[in-house]
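Numbering (UniProt numbering), first residue to last: 1 to 281.
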């Protein structure tokens, strides 16, 4: 496969996503209107679907292959209540070697299928003492370090069929869906709103990195989903904000190795001195 490529060019562009959407439309009696992307340990959500049909990613034209342990690498389409729904069991990451424009193929394909509501989920590491394992974080905003470094799926020649050159990211996560998620979450999950920061991975963050990320306003950290979010936001803008509306939740907050000391106040010798003496430089 060719890597890199702009948003609308090559094997990972509009034609590839359109071909995947056409192929999928022929597999199901009713195309999905809601899609859920399942992160680590959440693939069992597909068991809630009725009239379900599963397809391996490897059988879908142009879809990458998932290599992450615990990700089934399947698309399951059925009904969740009365809504035709798609559950994506596993996603793709830059650290697997995929190009940014390849990571967003499933999300763009869902938009071309007619999905109007997209729910992104993943496990993440807590950066705050008040966020304990098992708590739920409803994402209101994110910090995309990979995107800030130029590893965005929107880099390259722009294809207007995917959306505008400069899609706004204000209210990237639908406010009404966020309010609904917070209102419906069971009390024992202690759901709260917060900021998610995306890093490249696959190594976990150092204590110093965790202190930095917390200082710039993040509540949780992980290696997932910002590219997918931007790919979907671009498509949403093209469709005049009629869809897909997006919600992102982190239902599996974990404490990664090295995070615990980073959650505590920095010892005096590690605190930043804004006016260091010459012998401290």
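Using N, Cα and C, we set each Cβ at its ideal position, and we do this for glycine too. Here the structure is a predicted model, which is why all the values come from computation and not from measurement.
{"Item": "Are residue 117 and residue 24 close, meaning C-beta to C-beta below 9 Å?", "Value": "no"}
{"Item": "Assign residue 126 to buried or exposed, taking buried as 16 or more other Cβ atoms, counted over all protein chains shown, within 10 Å of its Cβ.", "Value": "buried"}
{"Item": "Going straight from the alpha carbon of residue 114 to that of residue 22, what length do you get?", "Value": "11 Å"}
{"Item": "If the criterion is Cβ atoms closer than 9 Å, does the pair residue 250 and residue 196 meet it?", "Value": "yes"}
{"Item": "In chain order, what residues of the same chain have a beta carbon less than 6 Å from the beta carbon of residue 37, not counting five sequence neighbours either side?", "Value": "88, 91 and 120"}
{"Item": "How is the alpha helix (DSSP H) around residue 20 delimited, first residue to last?", "Value": "14-25"}
{"Item": "Is it a yes or a no for the segment 154-168 touching the segment 186-193, going by three-plus beta-carbon pairs under 8 Å?", "Value": "no"}
{"Item": "Could you tell me if residue 104 is buried or exposed, where buried requires 16 or more neighbouring beta carbons within 10 angstroms of its beta carbon?", "Value": "buried"}
{"Item": "Can you give me the C-alpha to C-alpha distance between residue 204 and residue 187, rounded to a whole angstrom?", "Value": "30 Å"}
{"Item": "Would you identify the three-state DSSP class for residue 127, choosing helix, strand or coil?", "Value": "coil"}
{"Item": "When you compare only the Cα positions, how much space is there between residue 61 and residue 67?", "Value": "17 Å"}
{"Item": "Is residue 1 helix, strand or coil when you go by DSSP?", "Value": "Low confidence applies here, because residue 1 scores a pLDDT of 34, under 50, leaving its location unreliable; read the following figure in that light. Three-state result, residue 1: coil."}
{"Item": "Might you give, ordered along the chain, the residues of its own chain that have their beta carbon closer than 7 Å to the beta carbon of residue 14, omitting 5 neighbours on each side?", "Value": "8, 159, 161 and 162"}
{"Item": "For residue 79, report the span of its beta strand (DSSP E) as first-last.", "Value": "74-80"}
{"Item": "Which partner residues does residue 53 have in the DSSP bridge list?", "Value": "77"}
{"Item": "Out of 43, 73 and 216, which one is the CA nearest neighbour of residue 128?", "Value": "216"}
{"Item": "Which residues share a DSSP beta bridge with residue 193?", "Value": "138"}
{"Item": "Under 6 Å Cβ to Cβ from residue 42, same chain only, skipping five residues before and after it: list those, please.", "Value": "121"}
{"Item": "With distances taken between CB atoms, is the gap from residue 102 to residue 157 smaller than 9 Å?", "Value": "no"}
{"Item": "Work out the CA separation of residue 150 and residue 172 for me, nearest whole Å.", "Value": "19 Å"}
{"Item": "In chain order, what residues of the same chain lie with their CB nearer than 7 Å to the CB of residue 19, ignoring the 5 residues before and after it?", "Value": "61 and 62"}
{"Item": "Which residue spans inside the segment 153-206 form an unbroken alpha helix (DSSP H) run of at least 4?", "Value": "175-184"}
{"Item": "Look at the alpha carbon of residue 50 and the alpha carbon of residue 39, and state the distance between them as a whole number of angstroms.", "Value": "21 Å"}
{"Item": "With a cut-off of 9 Å, does the C-beta of residue 62 fall near any C-beta of chain B?", "Value": "Among the chains in the structure shown there is no chain B, since it carries only a single protein chain."}
{"Item": "So, using beta-carbon positions, are residue 44 and residue 78 closer together than 9 Å?", "Value": "no"}
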